[in-house]
Structures are given as C-alpha cells and as structure tokens.
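Asker: Take the sequence shown: its position 93, counted from the start at 1, is 93 in full-length UniProt numbering, and no numbers get skipped.
Every residue, glycine too, gets a C-beta built ideally from N, C-alpha and C.
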Amino acid sequence: MVLFANNLVSVDQISRLTAQIAAAAPVGMLIGVDEEGGNVFRLPRGIATSFPGNMALGAAYLGAADAALAHDEGRVLASELAAVGMNVNFAPVVDVNSNPLNPVINVRAYGDDPAMVGLLGRHMARGMAHAGVISAFKHFPGHGDAATDSHYGLPRVDKSRADAYATDLAPYRASIDLGEAPEMIMTAHIQYPSLDETRIATRTGESILVPATMSRKIQHDLLRGEFGYRGVTVSDALDMDAIANHFDPDQAVINLFRADVDIALMPVEFRTAGQADRLRAVIDRVVAALDAGTLSRAELDASVERITLMKLRHGIAPNASRPQTSAATVIGSPSHRAVEQRIAQASITLLRNRSATLPLNAPQRPIFIMTPWGEQAQGMRQRFAELGYASVTGAKLAETPWAEQQRLIDATDIVILGTLSSAPSPVERNGDPRAADTRTNTASVQESAAPLVGDKRPEAVVHGQRSLVFDVEEDAPTVPGVLRAQQVSAPSEAQRVRYAMEYAKAKGKTVIHVSLRAPYDVPSFDDVADATVATYSYYGYDNSAWRGPSMPALVDALAGVRSPLGRLPVSVYEVNTDGKLGSLRYARGFGMRY
Numbered sequence: 001m002v003l004f005a006n007n008l009v010s011v012d013q014i015s016r017l018t019a020q021i022a023a024a025a026p027v028g029m030l031i032g033v034d035e036e037g038g039n040v041f042r043l044p045r046g047i048a049t050s051f052p053g054n055m056a057l058g059a060a061y062l063g064a065a066d067a068a069l070a071h072d073e074g075r076v077l078a079s080e081l082a083a084v085g086m087n088v089n090f091a092p093v094v095d096v097n098s099n100p101l102n103p104v105i106n107v108r109a110y111g112d113d114p115a116m117v118g119l120l121g122r123h124m125a126r127g128m129a130h131a132g133v134i135s136a137f138k139h140f141p142g143h144g145d146a147a148t149d150s151h152y153g154l155p156r157v158d159k160s161r162a163d164a165y166a167t168d169l170a171p172y173r174a175s176i177d178l179g180e181a182p183e184m185i186m187t188a189h190i191q192y193p194s195l196d197e198t199r200i201a202t203r204t205g206e207s208i209l210v211p212a213t214m215s216r217k218i219q220h221d222l223l224r225g226e227f228g229y230r231g232v233t234v235s236d237a238l239d240m241d242a243i244a245n246h247f248d249p250d251q252a253v254i255n256l257f258r259a260d261v262d263i264a265l266m267p268v269e270f271r272t273a274g275q276a277d278r279l280r281a282v283i284d285r286v287v288a289a290l291d292a293g294t295l296s297r298a299e300l301d302a303s304v305e306r307i308t309l310m311k312l313r314h315g316i317a318p319n320a321s322r323p324q325t326s327a328a329t330v331i332g333s334p335s336h337r338a339v340e341q342r343i344a345q346a347s348i349t350l351l352r353n354r355s356a357t358l359p360l361n362a363p364q365r366p367i368f369i370m371t372p373w374g375e376q377a378q379g380m381r382q383r384f385a386e387l388g389y390a391s392v393t394g395a396k397l398a399e400t401p402w403a404e405q406q407r408l409i410d411a412t413d414i415v416i417l418g419t420l421s422s423a424p425s426p427v428e429r430n431g432d433p434r435a436a437d438t439r440t441n442t443a444s445v446q447e448s449a450a451p452l453v454g455d456k457r458p459e460a461v462v463h464g465q466r467s468l469v470f471d472v473e474e475d476a477p478t479v480p481g482v483l484r485a486q487q488v489s490a491p492s493e494a495q496r497v498r499y500a501m502e503y504a505k506a507k508g509k510t511v512i513h514v515s516l517r518a519p520y521d522v523p524s525f526d527d528v529a530d531a532t533v534a535t536y537s538y539y540g541y542d543n544s545a546w547r548g549p550s551m552p553a554l555v556d557a558l559a560g561v562r563s564p565l566g567r568l569p570v571s572v573y574e575v576n577t578d579g580k581l582g583s584l585r586y587a588r589g590f591g592m593r594y
C-alpha cells in the first residue's frame, strides 16, 4: 500500500488511516510513501520535518565532510513515518544526476558523483533502518541521465555499457559489495539499450525496446545474478505514462514478474471500493498466466518468500503492536528540527560575490524580492524581519506586471530574484502521474517587456520540457486572468527574471540571484548578478507555517548571520543556444565563503 500527500491530512488522521488499513488486511501490510525529503515529501508540510532535499544534503556533506548528516536525516524521516504507522519509505534516491537537463530527478539526486551518491544513500538507508523502517534504493538501473520525465513518456538512456557501470550502476554495486544492500530496490521505467537491447510487444503489437522495469537481463541477470542482490525488488508505479501508454495493466504485471521483479506497484488506478474490480481483474489474468505456464511458479514462490521474510524481520504481521509513543511528540520535534536546520544551513552555496556584495549587513537598506512562488519571497521576508530588516517587499513573478516590477525595483536598493531551473515533476508535488496531465507552452501571456540587454538567453538554459500544471494544493506560478491549465512556460519565467535583472542592474541596484532548484540555470544570469546563491530547495513560508527550512537558512547567509558552507554537488555547464552543454562554468565542489 502506497500513500500520497492527498491521503495524509493530519497526524491523527494518518495514524487512524494506517491502523484501519492494517486491521482490514488478513496479512501484514507494507504501508509506505515516497518520503525522500525536500521536494518529494508526503507528510503534511509545516507539521512534519521535511528537510531541504537530497541535492542540498550533497552540498552540505561536501561543505562539512560529515556523512552522519545523511544518517541523521534518514533516522528522522523514518521515525516520523513509523510514528504514524508506516513501515516502508521508498527512498533514498541513488540516481546519479549526470544529465543537467533531467526533468524528473534534478534536486532529488545527491549529486553527479557516483561515489558520493552511494555513500550518502547507504548512510541514509542505515538511518532509516535504525528507526525500524524499510528503505528502497531507486531507480534501478539508474534514472539520472534521462532527458524525459517517465510520468509522461518512456525515457531512453544511451550511455555505453562501460559508462553505465561507472555511473548509474555504481551506487548499487558498491552497496551490495560492502554488505550494505538496502532491503528493497525500486526499478526504473527507462530504456537502457547498452544493458538490454531486447524488444517487447506493446498492447498494439508495436515492437519497442524493453523498459528496464520489464527487463529480465537487467532485473534478474544483472541485479540478482551478477551483483548478487538478495533483497526485494519493487516496480516504480505502473500507472505512469512510461508504462501505461504502452501496456495494459495485466500485460505490464506479467512482463514485470517474468523479469523477476517481486512487487508490482500501482498497476491500476482506483479511488473507490467499487473500482477495486480493476485490480481483481489484473490478479485473475496473472493467475491464468501462471496456470498456463507463462509465469514461473518457482520464481513467484521465491518472490513471496523474500517479501515474507522481510516482513517477519520487521514484525509486520496481522494485529502487530502499534507504536506506543504519541506521534505528535515525534513529528516535527525540536530535536528533529535541529537536524533539519543543521543540514539546511550547511547546504547554502555561494557561487559568485562581486565586490564583496555579501554579506549585506545593511538592515537600513530597502530590499525587493521576487520569486516564482509567493511563499519563497514570503519566507525570505519573514526571516529578514526577524533579523531587523524593516523595509523588505516581495512579489510573485507571474502575478507582477512589468510596469509594477519596474516601480518596485526603482523604489529599492537591493533586488533579490529567484529562479527554478526547470518546472517541478508531478512526483515533487503529489506523486500522482495524472496531477499534471495538461501541459501547455504559453509564453505569449507575458506582456511586452524591455528587450534583453545582454547576450544570455535563458531559454537555452531551461530545457524544452514544458511547464507542468501544479496541483491546487501548491502555490504555483499563475498569471492574472489565465487559467491554471495555462501556465507560463519555464523558459518564459527565466526570460522574465532576466528582464528584471538587467533593468535593476541598469538602475544601479545591487542584484542577488537565488537559484532555488538545481543550480544549472546559474550561467544564464551570473553575468548580471552581483552575487549568486544556490539553495537546492524552493519551499518557503505560507499560512503561518514554514513549509521548508531553506529560506531562513538562505537569509541568514545573505545577512551575514553565518557564512555559507555548501559546496556544489554537481558540475554546472554553460548551455549553448542549440540546447547542448557547453564549457564547464562551476566545478563540483566549488563554493565560496565569507
């Protein structure tokens, strides 16, 4: 059973829900979520300890040289899940983000160094184990070099076999060789021809390269045979478009089991008891395939044995005892918040600081902040106010007409502009692959603005993936008079920030650029900005609650409360006008301090 953010409302409600699920099942239930931390987080924000995310953790680790940060985060995440009756966390992500244009992994990765990714993944999994929660490395054999979001399509990775072993496969192999294999590994809905060139028939009879999720060469021969993995394997959600667009649910499950994957996750979507017949129909067809000899009974028995033994190790059984500690005293506790704050503070990375622009040390100077989401500017304003900055205004980029932007810039001394390197994937909002089905490119909604002064073109940096429609639960960029389904495209947002930045610079203002997601967009603005800072996390302050820890940590660094400690966990390249990577701009490990 996998739960999502829209299933989880409050601590009491979640505890009741998991108890009811466990009581209704005749067997011990695996109840899990994608609680990666940061941008992929399912417990209620503002209540639970959300952390700044994996790439921020990578930056903090490089700055502090302390892998215990990953262990501590894993322990906190897992203990809060266990407190409300969950026993599985589909985390950590051990994808190596070797493709800066990756639309679905991005800041969910620790970085682009396989050794660091494996190290932090092992430490985080160990922390989860100490809290009694099952962890899952994902997504095997590696989703980090994909250029397509598997919620919307079937990505293809064209690495050579040697490169695959050196990068994507390395975190898995190292963990298994060290005797620290996770109890579960989740598959990837990608095509990886250097690992398996087998073709498979779709529902229409079309022949396509087999997805790794259904590849016996990858899941059985490579993972179980060559690498010697003895744990439980689970598919990524089978209702994602990467699979659902090509295979009927029963066909997908049968192909999955033939590849020797143990658990078929979310093969069909159903939201009411009446729709449960959809799942029963899939089960009936799988049984028929077993009876017909299409599936190996011995392999299915081995899968059942692996799953059962894992449950027994964790005491997952009918009528198993529930946590005795009050969940309310565990979730968001002061000790947990202290771990979250320590990682957030250590992650803030200073990439450019012309003429010692930072730290500001200037509470008397007026500041204007403009960000893609309102909560980001509000979070910065909140923390600046706590530090005694009395004249700080904020605006949400897509709701602020160009003339108003000019007026606000004219009236201030310091301009802080935030950007997102690409639009968040559905998994970062709710995990529902249908959450952002309508995708449009509506750059035309931007009213006329001043032409570019410099020669940088943000649309060359922000890749061509169209902007995704945000869940109604999120404070997403919108334009007045434009429906939510008609979102401003990601390139348009970058272009608008560039306009504002050049205008502010021409007016003699101090300009600070804050990269709020992966810092791949930094070269698009660093020729104008006086200072550039990366947070790797974009949640702020909304409805009187902090929805993430990075905005106050950012402001503390800007104001000089503490020096930025983070180091880049990825290398950042120029992106040419043809969309291809150019020269190296900032090397992995780079970061400035005061």
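Using CA coordinates, which residue listed in 335, 51, 204 and 504 is at the minimum distance from residue 409?
Answerer: Numbered from 1 along the sequence shown, position 409 holds the residue referred to as residue 409. Ranking 335, 51, 204 and 504 by Cα distance to residue 409 puts 504 first.
Asker: Using alpha carbons as the reference points, say which of 100, 574, 159 and 376 lies closest to residue 416.
Answerer: Here residue 416 refers to the residue found at position 416 of the sequence shown. Ranking the options by Cα distance to residue 416, first place goes to 376.
Asker: So the candidates are 42, 44, 50 and 126; which of them puts its Cα closest to the Cα of residue 595?
Answerer: With the chain represented from 1 up to 594, any question about residue 595 goes unanswered, as that position is not in the structure.
Asker: Does the beta-carbon distance from residue 522 to residue 532 come in below 8 Å?
Answerer: In the sequence shown, counting from the first residue as 1, residue 522 sits at position 522. In the sequence shown, counting from the first residue as 1, residue 532 sits at position 532. Yes, the pair counts as a contact, with Cβ atoms nearer than the cut-off.
Asker: Run through DSSP, which three-state label would residue 542 get?
Answerer: Locating residue 542 in the sequence shown gives position 542, counting from the first residue. Three-state result, residue 542: strand.
Asker: According to DSSP, residue 369 sits in a beta bridge with which residue or residues?
Answerer: Looking up residue 369 in the sequence shown gives position 369. According to DSSP, which records beta bridges pairwise, residue 369 is partnered with 394 and 416.
Asker: Write down every uninterrupted run of the beta strand (DSSP E) in the stretch 167-224 whose length is 3 residues or greater and which is fully enclosed by it, in chain order.
Answerer: 184-187, 199-201 and 207-209
Asker: Which of the three DSSP states is assigned to residue 1 in this structure?
Answerer: Taking the first residue of the sequence shown as 1, we reach residue 1 at position 1. Per DSSP, reduced to three states, the secondary structure at residue 1 is coil, with no helix or strand assignment.
Asker: Would you call the stretch 9-16 and the stretch 63-74 touching, i.e. three or more CB-CB distances under 8 Å?
Answerer: no
Asker: Spatial neighbours of residue 512 within its chain, please: C-beta separation below 8 Å, excluding the five flanking residues on both sides.
Answerer: Residue 512 sits at position 512 when you count from the first residue of the sequence shown. Only 357, 358, 414, 415, 416, 417, 529, 530, 531, 532, 533 and 558 meet the Cβ criterion.
Asker: In the DSSP output, what is residue 610 paired with across the bridge?
Answerer: With the chain covering only 1 through 594, there is no way to say anything about residue 610.
Asker: With DSSP as the reference, identify every bridge partner of residue 140, one or two as the case may be.
Answerer: One-based indexing of the sequence shown puts residue 140 at position 140. Answer is 187, bridged to residue 140.
Asker: Look at residue 73 and residue 62 and say whether their C-beta atoms are less than 8 Å apart.
Answerer: For the purposes of this step, residue 73 is taken as the residue at position 73 of the sequence shown. For the purposes of this step, residue 62 is taken as the residue at position 62 of the sequence shown. No.
Asker: My assumption, with CB atoms under 8 Å, is that residue 94 sits in contact with residue 118. Please give the rounded CB distance.
Answerer: The count along the sequence shown starts at 1 and reaches residue 94 at position 94. The count along the sequence shown starts at 1 and reaches residue 118 at position 118. Correct: roughly 7 Å between the Cβ atoms.
Asker: Select from 134, 156, 133 and 136 the residue whose C-alpha is nearest the C-alpha of residue 144.
Answerer: Taking the sequence shown and counting its residues from 1, one reaches residue 144 at position 144. The candidate whose alpha carbon is nearest that of residue 144 is 156.
Asker: If you run the structure through DSSP and keep just helix, strand and coil, what is residue 574?
Answerer: For the purposes of this step, residue 574 is taken as the residue at position 574 of the sequence shown. Note: residue 574 maps to strand in three-state DSSP.
Asker: Less than 7 Å between C-beta atoms, sequence neighbours within five positions excluded: which residues of the same chain meet that for residue 251?
Answerer: Translated into positions along the sequence shown, residue 251 becomes position 251. Excluding positions up to five away in sequence, the list reads 203.
Asker: Note down the Cα distance separating residue 115 from residue 173, rounded to an integer number of angstroms.
Answerer: For the purposes of this step, residue 115 is identified with residue 115 of the sequence shown, where counting begins at 1. For the purposes of this step, residue 173 is identified with residue 173 of the sequence shown, where counting begins at 1. Roughly 11 Å between the two C-alpha positions.
Asker: Would you identify the three-state DSSP class for residue 520, choosing helix, strand or coil?
Answerer: Position 520 of the sequence shown, counted from the first residue, corresponds to residue 520. Residue 520 falls in the helix class under three-state DSSP.
Asker: Between 158, 80, 26 and 396, which lies nearest to residue 326 when the distance is taken from Cα to Cα?
Answerer: For the purposes of this step, residue 326 is taken as the residue at position 326 of the sequence shown. Ranked by Cα distance from residue 326, the options 158, 80, 26 and 396 are led by 80.
Asker: What does the Cβ neighbour count give for residue 26, buried or exposed, with the cut at 16 atoms within 10 Å?
Answerer: Within the sequence shown, the letter at position 26 stands for residue 26. Its Cβ having fewer than 16 others within 10 Å, residue 26 is exposed.
Asker: Please tell me whether residue 228 and residue 182 are closer than 8 Å, where the distance is taken between their beta carbons.
Answerer: Position 228 of the sequence shown, counted from the first residue, corresponds to residue 228. Position 182 of the sequence shown, counted from the first residue, corresponds to residue 182. If you check the CB distance, residue 228 and residue 182 do not come in under 8 Å.
Asker: How about the stretch 102-111 and the stretch 348-355: do they share at least three Cβ pairs that are nearer than 8 Å?
Answerer: No: fewer than three Cβ pairs fall under 8 Å.
Asker: Residue 248 to residue 307, Cα distance in whole Å?
Answerer: Position 248 of the sequence shown holds residue 248. Position 307 of the sequence shown holds residue 307. The straight-line gap from Cα to Cα measures roughly 25 Å.
Asker: What's the C-alpha gap between residue 594 and residue 362?
Answerer: The residue you call residue 594 lines up with position 594 of the sequence shown. The residue you call residue 362 lines up with position 362 of the sequence shown. Each residue's alpha carbon lies about 16 Å from the other.
Asker: For the alpha helix (DSSP H) that contains residue 379, what are its first and last residues?
Answerer: If you number the sequence shown from 1, residue 379 lands on position 379. 374-386 is the extent of the alpha helix (DSSP H) around residue 379.
Asker: For residue 351, which of helix, strand or coil comes out of DSSP?
Answerer: Here residue 351 corresponds to residue number 351 of the sequence shown, with the count starting at 1. Residue state, collapsed to three classes: strand.
Asker: Among 133, 100 and 260, which one has its Cα closest to the Cα of residue 520?
Answerer: On the sequence shown, position 520 is the one that residue 520 refers to. If we check each option's Cα against that of residue 520, 100 comes out closest.
Asker: Starting from the C-beta of residue 278, find all residues in its chain whose C-beta is less than 6 Å away, skip the five residues before and the five after it, and write them out in chain order.
Answerer: Within the sequence shown, numbered from 1, the residue matching residue 278 stands at position 278. Only 268 and 270 meet the Cβ criterion.
Asker: Smallest Cα separation from residue 518: which of 508, 527, 190 and 537?
Answerer: If you number the sequence shown from 1, residue 518 lands on position 518. Per the Cα distances, 537.
Asker: Would you mind listing the alpha helix (DSSP H) stretches within the stretch 37-87 that are 4+ residues and don't spill past its ends, in chain order?
Answerer: 54-64 and 68-83
Asker: What did DSSP end up calling residue 105 once you bin it into helix, strand or coil?
Answerer: Position 105 of the sequence shown, counted from the first residue, corresponds to residue 105. If DSSP states are grouped into helix, strand and coil, residue 105 belongs with coil.
Asker: Kindly indicate the opening and closing residues of the alpha helix (DSSP H) around residue 24.
Answerer: As a position in the sequence shown, residue 24 is number 24, starting the count at 1. For residue 24, the uninterrupted alpha helix (DSSP H) run begins and ends at 11-24, by DSSP.
Asker: Kindly list the residues whose CB is nearer than 6 Å to the CB of residue 395, restricted to its own chain and excluding five residues on each side of it in sequence; keep chain order.
Answerer: Within the sequence shown, numbered from 1, the residue matching residue 395 stands at position 395. If you ignore the 5 residues before and after residue 395, its C-beta comes within less than 6 Å of the C-beta of 370, all in its own chain and listed in chain order.
Asker: In whole angstroms, what is the alpha-carbon distance linking residue 113 and residue 82?
Answerer: Mapped onto the sequence shown, residue 113 falls at position 113. Mapped onto the sequence shown, residue 82 falls at position 82. Roughly 31 Å separates the two Cα atoms.
Asker: Looking at C-alpha atoms only, which residue of 60, 96, 121 and 98 is the closest neighbour of residue 90?
Answerer: Translated into the one-based positions of the sequence shown, residue 90 becomes position 90. With distances taken between Cα atoms, residue 90 lies closest to 121.
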